[in-house]
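One structure is given here, and the rest of the page talks about it.
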Amino acid sequence: MWMKNSLSRFVRKHWVGYLMLLPFVIFFVVFMVLPVAVAVCLSFTDYNMFQEMHLVGANNYKLLFLDDRIFLTALGNTFLFAVIVGPVGYLFSFFAAWVLNQLKFRNGFALAFYAPSITSGVAMSVVWTYFFSPDSYGLINNLLLETGIIDTPVLWTQDPTYILPVIIVVSIWMSMGTGFLVFLAGLQNVDKGYYEAAAIDGIQSRYQELKLITLPMMKPQLLFGAITAVTNAFGVFDVAVSIAGFPSPNYAGHTIVAHLYDYAFVRFQMGYASAIATVLFVITFVIGRIIMRALSPKDE
391 MWMKNSLSRF VRKHWVGYLM LLPFVIFFVV FMVLPVAVAV CLSFTDYNMF
441 QEMHLVGANN YKLLFLDDRI FLTALGNTFL FAVIVGPVGY LFSFFAAWVL
491 NQLKFRNGFA LAFYAPSITS GVAMSVVWTY FFSPDSYGLI NNLLLETGII
541 DTPVLWTQDP TYILPVIIVV SIWMSMGTGF LVFLAGLQNV DKGYYEAAAI
591 DGIQSRYQEL KLITLPMMKP QLLFGAITAV TNAFGVFDVA VSIAGFPSPN
641 YAGHTIVAHL YDYAFVRFQM GYASAIATVL FVITFVIGRI IMRALSPKDE
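For this note's numbering, add 390 to where a residue sits in the sequence shown, where the first one is 1.
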């Protein structure tokens with residue numbers, strides 16, 4: 391009874407705050423929690439949107455990991471892509487923000503770095519396709535031919551050997567915008583008094599300032615940037631499709647999201663597509679929790 395009365399007094403005291411929070415809770419449940427719950431439930435069914443739904447248990451997951459070789463190829467491509475693009479884009483974003491933060495005229499450079507992230511992936515892929523065009527008119531092939539490095543044009547977007555590396559290069563360039571802006575904001579919010587006190591204590595080099603002051607003070611921004619890098623890396627789709635086509639030759643640029651799109655919106659096998667979505671959700675959730683445990687300010 392005492393706990394019930396205390397809870398009642400707490401709610402009456404803070405009801406305005408809960409009322410302000412209510413719209414976010416409603417939208418979060420409707421557009422985040424419910425879709426995930428529905429996808430998990432559908433993953434245990436055979437449902438193609440035209441026939442009656444049938445419960446099949448874990449059969450979709452069995453087919454996914456034991457019989458679907460294309461999914462295993464997409465899984466390998468996605469992990470390789472994420473392992474390279476995520477950390478490299480993350481580090482490049484922070485390094486660029488750290489360098490620009492020390493310049494007086496940084497706004498123009500900041501806009502140049504951020505612009506690719508607000509531009510459509512398809513539009514950016516068209517620009518980069520001109521660079522990696524498989525004929526002699528492509529900028530890279532033309533340069534290599536004129537310098538005598540190659541004798542025939544390289545099929546950058548058609549040869550399975552080069553498709554994934556090209557997608558990785560383009561994605562790294564496009565992934566730097568959002569993380570860069572967050573890091574730049576975090577760097578500008580670090581109190582300059584800490585650097586002055588550190589200089590009095592004997593810290594002289596930029597590296598020592600970065601290691602002992604900047605990085606510990608930027609853990610929230612580092613955490614946000616890492617989570618964003620992970621979700622973007624595992625969610626790659628439009629860039630890969632725009633560059634290599636759908637499906638790509640020998641599925642060299644096939645990703646988990648492309649496989650999900652194939653079964654959901656081409657074949658309309660929503661049960662199987664939901665199983666793919668659930669696997670992708672579990673992967674990103676587990677990796678996200680690992681990153682949060684490593685970078686959370688509460689660990690200090």
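Note that the Cβ used here is the ideal one computed from N, Cα and C, for glycine as well.
#1: Just to confirm before moving on: does the CB-CB distance between Phe414 and Trp488 stay below 9 Å?
#2: Please state if the CB of Pro543 and the CB of Gly528 are separated by a distance shorter than 9 Å.
#3: For Leu529, name the three-state secondary structure that DSSP assigns.
#4: Let me know the secondary structure DSSP gives Asp652 once reduced to three states.
#5: Would you kindly work out how many angstroms separate the C-alpha atoms of Phe624 and Trp563, rounded to a whole number?
#6: So what does Thr435 bridge to, in DSSP terms?
#7: Kindly indicate which residue of Met607, Phe675 and Ile646 has the alpha-carbon position closest to the one of Phe461.
#8: Leaving aside the five residues before and after Thr435 along the sequence, list all residues of the same chain whose C-beta is less than 7 Å from its C-beta, in chain order.
#9: What residue does the alpha helix (DSSP H) around Tyr377 start on, and which one ends it?
#10: Return the CA-CA distance between Val559 and Leu650, expressed in angstroms with no decimal places.
#11: Can you tell me whether Gly643 is buried or exposed? The criterion is at least 16 other CB atoms within 10 Å of its CB, across all chains shown.
#12: Which of the three DSSP states is assigned to Thr542 in this structure?
#13: Nearest CA to the CA of Asn449: which residue from Ser433, Met439, Asn491 and Lys609?
#14: Could you give the distance in angstroms between the alpha-carbon of Phe570 and the alpha-carbon of Ser483?
#15: Please list, in chain order, all residues of the same chain as Leu691 whose beta carbon is under 6 Å from its beta carbon, the five residues on each side excluded.
#16: Tell me the DSSP secondary structure of Val626 in three-state form.
#17: Is the CB of Ile673 under 9 Å away from at least one CB in chain D?
#18: Quick check: what's the CA-CA separation for Thr618 versus Ala429?
#19: What does the Cβ neighbour count give for Phe480, buried or exposed, with the cut at 16 atoms within 10 Å?
Reading off the structure:
#1: The residue labelled residue 414 in the question sits at position 24 within the sequence shown. The residue labelled residue 488 in the question sits at position 98 within the sequence shown. No, they are not a contact pair.
#2: Taking the sequence shown and counting its residues from 1, one reaches residue 528 at position 138. Taking the sequence shown and counting its residues from 1, one reaches residue 543 at position 153. A contact, by the Cβ cut-off of 9 Å.
#3: Here residue 529 refers to the residue found at position 139 of the sequence shown. DSSP places Leu529 in helix when its eight states are reduced to three.
#4: Along the sequence shown, read from residue 1 onward, the residue named residue 652 stands at position 262. Of the three classes helix, strand and coil, the one that applies to Asp652 here is helix, per DSSP.
#5: Your numbering for residue 624 matches position 234 in the sequence shown. Your numbering for residue 563 matches position 173 in the sequence shown. Approximately 16 Å between the Cα atoms of the pair.
#6: As a position in the sequence shown, residue 435 is number 45, starting the count at 1. Answer by DSSP bridge pairing, in chain order: Leu445.
#7: Here residue 461 is taken as the residue at index 71 of the sequence shown, counted from 1. Out of Met607, Phe675 and Ile646, Ile646 has the C-alpha closest to the C-alpha of Phe461.
#8: In the sequence shown, counting from the first residue as 1, residue 435 sits at position 45. Closer than 7 Å at Cβ, skipping near neighbours: Met443, His444, Leu445, Val446 and Gly661.
#9: The structure shown has nothing for residue 377, since the chain only spans 391 to 690.
#10: Here residue 559 is taken as the residue at index 169 of the sequence shown, counted from 1. Here residue 650 is taken as the residue at index 260 of the sequence shown, counted from 1. A direct Cα-Cα distance of roughly 23 Å separates Val559 from Leu650.
#11: What you label residue 643 is simply residue 253 of the sequence shown in a count that begins at 1. That one is buried.
#12: Against the sequence shown, residue 542 aligns to sequence position 152. Three-state result, Thr542: coil.
#13: Counted from its first residue, the sequence shown places residue 449 at position 59. The option with the nearest alpha carbon to Asn449 is Ser433.
#14: Residue numbering aside, residue 570 sits at position 180 when the sequence shown is read from its first letter. Residue numbering aside, residue 483 sits at position 93 when the sequence shown is read from its first letter. Distance between the alpha carbons of Phe570 and Ser483: 4 Å.
#15: Summary: the structure shown does not reach residue 691, with the chain confined to residues 391 through 690, and so no result is reported for it.
#16: The sequence position of residue 626 within the sequence shown is 236, counting from 1. Coil.
#17: Reference to chain D is not applicable here, since this structure consists of a single protein chain.
#18: Taking the sequence shown and counting its residues from 1, the one referred to as residue 618 is at position 228. Taking the sequence shown and counting its residues from 1, the one referred to as residue 429 is at position 39. Those two C-alpha atoms are separated by around 22 Å.
#19: The residue given as residue 480 occupies position 90 in the sequence shown. In the sequence on display, residue 480 carries Tyr and not Phe. By the Cβ-count criterion, Tyr480 is buried, with 16 or more other Cβ atoms from all chains shown falling within 10 Å of its own Cβ.
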